[in-house]
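Undergrad: Per our numbering, the sequence shown starts with residue 8, numbered consecutively.
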Amino acid sequence: MKKRVGIIGSGTTGLQLAYALLEDFDVTIISHRTPEQVRSGRVMSTQVHFGPAREREKRFHMPDWKTERMIESIHITVGDQKLFAGRLERQALSVDQRLSYSTYAEDLEKKGVAFQQKKITDQEREALGEEYDLVVDCTGKNGPLFPFPIENDLTPFREPQRKCIVGYFKGVKPVTPCGVSVTVIPELGEMFEIPAETEYGPVTILFITAVPGGPLDMFKGIKSPEAFTIKMREAVEMFFPEIHSRIVDEQFALSDENSFLQVAITPEVRRPYVMQNHQLVLGCGDSVVLNDPITGQGCNLSSYCAEQLSDLLIEHKHNDRWGEELGVLYWNRIQPFVKEVTEWTNAMTQPLPGHVIQMLLSGAQDQEKADHVARWFENPSSAHQAFMAKV
Ligand SMILES: Cc1cc2nc3c(=O)[nH]c(=O)nc-3n(C[C@H](O)[C@H](O)[C@H](O)COP(=O)(O)OP(=O)(O)OC[C@H]3O[C@@H](n4cnc5c(N)ncnc54)[C@H](O)[C@@H]3O)c2cc1C
């Protein structure tokens with residue numbers, strides 16, 4: 008008989024895990040929203056999936072997306088000085104999670120994965136052990152449900168380092184070559200301009216990461232789509248004149264009334280296993296490794312951790328039972344990469360070190376160096392190496 012795996016959460020992590028495990032296990036996803044509720048709900052992220060995450064989606068036969076607007080480059084501007092457009096090694100893509108999550112969930116159901124619509128409470132979590140050989144907590148930033156202990160060495164902050172302000176817009180002329188544009192305004196924050204695919208066609212995501220309390224942190228109290236749009240136009244005009252010059256006045260609007268978001272995240276890393284009533288419980292994705300979105304690594308790291316976990320479970324599928332030692336193996340496998348990604352991301356929220364600024368400036372003179380910087384985002388180990396280099 009196949010072992011029963013209960014996955015709580017149907018986001019990037021839970022869905023990829025289900026695809027990877029469905030042949031070898033009896034998989035159930037428990038999630039508090041139906042695909043239809045996700046599809047018609049609020050945007051959740053900006054979700055640029057870089058080459059390695061896209062390779063995994065292919066490996067696990069997840070549905071692909073047809074688009075002519077693949078992300079090929081990263082454009083870097085500091086202040087009002089455009090430095091360069093570095094080329095990614097492989098194409099990246101951002102698909103609105105409302106569309107991707109609901110599509111994957113419907114597809115998984117057809118492939119035999121069971122779904123339960125339910126919000127698991129702290130009281131209910133204990134009983135899950137009776138139904139499943141393993142429970143994996145993939146509850147994302149609203150989790151975790153289980154008491155995974157915080158890893159203090161990898162959790163330096165007690166409060167958010169940025170306010171995240173996101174809107175999916177029509178009416179912004181794209182940059183060429185197609186890519187993500189990053190504008191850094193020292194001490195105030197950043198703007199990420201991201202081409203994305205949605206149910207409403209192609210959009211440009213304008214994503215401000217504002218230093219809390221600074222002049223870019225100007226969206227406080229804004230709740231309606233109309234007020235959000237007006238404020239975004241004001242912020243772009245004031246701080247990002249180059250983007251402002253590409254706005255087509257009569258077309259500039261949110262793609263739909265749910266396509267804006269404000270959130271602030273305190274990055275937090277937890278040891279991703281606990282024992283509950285002598286049974287192993289694992290965590291995967293944001294529930295145990297929560298990153299500031301500034302480097303766009305959350306989905307990519309979640310996808311990496313989900314792949315490591317699914318490979319491990321398949322290797323150990325014939326064990327009589329899964330105990331704490333499997334949790335230790337899992338944590339040992341993912342920890343080095345988790346450390347690199349989170350340390351780099353945390354460093355990005357602080358003033359950039361001098362040698363990193365020099366690297367950015369040299370990218371303006373040398374295309375190879377520009378490409379190297381762009382590839383930090385698809386290979387965060389190289390970014391970690393660059394940031395932590397002793398100079
Ligand atoms: C503003 C912003 C921009 C971002 N941009 C990027 C980017 O460009 N690139 C990138 O890689 N990452 C980005 N991220 C991070 C990325 O969105 C997350 O890392 C990723 O979505 C995590 O996936 P997950 O499956 O772990 O969690 P989620 O996607 O949050 O999914 C959690 C799931 O758990 C369910 N759930 C929660 N609690 C319960 C419960 N009690 N019972 C049942 N179900 C429950 C939820 O309904 C949901 O289905 C961004 C994040 C933010 C906030």
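Where a beta carbon is used, it is the ideal one built from N, C-alpha and C, also for glycine.
1. Of the residues Ile83, Pro274, Ser38, which one's Cα is nearest the Cα of Asp144?
2. Give the C-beta separation of Pro274 and Thr352 to the nearest angstrom, bearing in mind that I take them to be a contact with Cβ-Cβ under 8 Å.
3. Taking just the CA atoms, how far does Gly303 sit from His56?
4. Can we count His39 as close to ligand 1, meaning its CB is less than 7 Å from some heavy atom?
5. Does the beta-carbon of Thr205, which I'm using as the reference point, lie nearer than 7 Å to any heavy atom of ligand 1?
6. Can you give me the Cβ contacts of Ala377 inside the same chain, cut-off strictly under 6 Å, excluding the 5 residues immediately before and after it?
7. For Met185, verify whether its CB is less than 7 Å away from any heavy atom of ligand 1.
8. Should the region 224-237 be regarded as contacting the region 108-122, the criterion being three or more beta carbon pairs within less than 8 Å?
9. Take Thr60 as the anchor and find which of Lys148, Lys118, Gln315 has the nearest alpha-carbon.
10. Is the beta carbon of Met198 less than 8 Å from the beta carbon of Phe176?
11. Which whole runs of the beta strand (DSSP E) in the region 279-342 are 3 residues long or more, in chain order?
12. Could you tell me the distance, in whole angstroms, from the CA atom of Met8 to the CA atom of Ile321?
13. Please state the DSSP three-state secondary structure of Pro202.
14. Hey, could you find the ends of the beta strand (DSSP E) Ile81 is sitting in?
15. Could you tell me the distance, in whole angstroms, from the CA atom of Glu200 to the CA atom of Gln283?
16. Consult DSSP for Ser47 and reduce its assignment to one of helix, strand or coil.
17. Going by C-alpha to C-alpha distance, which of Ser188, Tyr108, Gly58, Val182 sits closest to Pro42?
18. With distances taken from CA atoms, which of Val173, Gly21, Phe344, Ser389 is nearest Gly150?
19. Looking only at its own chain, which residues have a Cβ that is under 6 Å from the Cβ of Ala217, when we skip the five neighbours before and after it?
20. Does the distance between the C-beta of Ser107 and the nearest non-hydrogen atom of ligand 1 fall short of 7 Å?
21. Measure the alpha-carbon distance for Gly487 versus Met239 and round it to whole angstroms.
22. Compute every distance between the C-beta of Gln88 and the non-hydrogen atoms of ligand 1, then say whether any falls below 7 Å.
23. Rounded to a whole number of angstroms, what is the C-alpha to C-alpha distance between Glu166 and Asp327?
24. Give the range of the beta strand (DSSP E) segment to which Tyr175 is assigned.
25. Considering only heavy atoms of ligand 1, does any lie closer than 7 Å to the CB of Leu7?
26. What's the call for Pro70, buried or exposed, on a 16-neighbour Cβ count within 10 Å?
27. Give me, in chain order, the residues of the same chain whose beta-carbon lies closer than 8 Å to that of Leu106; leave out the 5 immediate sequence neighbours on both sides.
28. Where does Phe246 sit, in a helix, a strand or coil, going by DSSP?
29. Below 8 Å on the Cβ atoms is my guess for Glu158 versus Arg278; work out the distance and round it to an integer in Å.
TA: So, to answer that:
1. Comparing C-alpha distances from Asp144 to each of Ile83, Pro274, Ser38 shows the shortest one belongs to Ser38.
2. Pro274 to Thr352, Cβ: 7 Å. Contact.
3. Those two C-alpha atoms are separated by around 8 Å.
4. It does: the Cβ of His39 is within 7 Å (strictly closer) of some heavy atom of ligand 1.
5. Incorrect: Thr205 has no Cβ contact closer than 7 Å to ligand 1.
6. Contacts found: Phe91, Gly93, Gly370.
7. It should be pointed out that residue 185 corresponds to Cys in this sequence rather than to Met. Checking every heavy atom of ligand 1 against the Cβ of Cys185, none is found closer than 7 Å.
8. Between the region 224-237 and the region 108-122 there are fewer than three C-beta pairs closer than 8 Å, too few to call the two in contact.
9. Note on residue identity: the sequence assigns Ala, not Thr, to residue 60. Among Lys148, Lys118, Gln315, the Cα nearest to that of Ala60 belongs to Gln315.
10. No, they are not a contact pair.
11. Taking 3 residues as the shortest admissible run, the region 279-342 contains the following complete beta strand (DSSP E) segments, listed from N- to C-terminal end: 280-283, 286-290.
12. If you draw a straight line from the Cα of Met8 to the Cα of Ile321, it comes to about 14 Å.
13. Three-state DSSP puts Pro202 in a strand.
14. Taken as a continuous stretch (DSSP letters only), the beta strand (DSSP E) holding Ile81 covers 78-85.
15. So the two alpha carbons sit approximately 43 Å from each other.
16. The answer is coil: DSSP assigns Ser47 none of H, G, I, E or B.
17. When each option's Cα is compared against that of Pro42, the closest is Tyr108.
18. Between Gly150 and the set Val173, Gly21, Phe344, Ser389, the nearest pair of CA atoms involves Gly21.
19. The answer, listed in chain order, is Lys170, Gly196, Leu223, Asp224.
20. Because no heavy atom of ligand 1 lies under 7 Å away, the Cβ of Ser107 does not count as near it: no.
21. This structure leaves residue 487 out entirely; the chain is present only between 8 and 398.
22. Checking every heavy atom of ligand 1 against the Cβ of Gln88, none is found closer than 7 Å.
23. Rounded to the nearest whole angstrom, the CA to CA distance from Glu166 to Asp327 is 43 Å.
24. Segment 170-177, the beta strand (DSSP E) holding Tyr175.
25. An answer regarding residue 7 cannot be provided, because it is not within the stretch 8 to 398 covered by the chain.
26. Exposed, since its Cβ has fewer than 16 Cβ neighbours within 10 Å.
27. When the five nearest sequence neighbours on each side are left out, the beta carbons in the same chain lying within less than 8 Å of the beta carbon of Leu106 are those of Arg46, Glu204, Thr205, Glu206, in order along the chain.
28. Of the three classes helix, strand and coil, the one that applies to Phe246 here is helix, per DSSP.
29. Contact flag correct, Cβ pair sits at about 6 Å.
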